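Each remark here refers to the structure printed beneath this line.
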Amino acid sequence: MTKPASNAPIAEIFHAYWKSDWRALSLVAAIVFLSSASGIAAPYLFSRLVDRLTKETVVSDLLWAFLLYARWWE
């Protein structure tokens with residue numbers, strides 16, 4: 652079986668674009684993967700950190716968390 656003629660120009664364009672700019676496309680794919688992974692990992696990490704808080708260290712831990720947050724977004 653042969654491919655439909657309507658897909659041939661699109662396939663050629665995509666193939667030419669991949670050959671000319673594969674580094675940028677790979678970088679975009681890596682960024683999308685890392686952002687998706689961090690979007691999943693962040694709530695899990697936050698819940699683990701909250702579960703580790705104790706009554707004795709809650710004030711100091713929250714203070715450090717706010718300071719790190721403020722420094723990160725400065």
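Numbering (this note's numbering), first residue to last: 652 to 725.
Ideal Cβ placement from N, Cα and C applies to all residues, glycine included.
This structure is a prediction, so every number in the text was calculated from the model and none was measured.
Suppose contacts are defined by Cβ-Cβ distances below 9 Å. Is residue i in contact with residue j by that definition?
i, j, result
"S721", "L700", "It is Ala, not Ser, that sits at residue 721 in the sequence shown. Result no, Cβ atoms of A721 and L700 do not sit closer than 9 Å."
"L696", "L704", "no"
"L676", "W669", "yes"
Pick helix, strand or coil for residue i, following the three-state DSSP scheme.
i, result
"L736", "Residue 736 cannot be examined here, being either before or after the span of the chain that is shown, 652 to 725."
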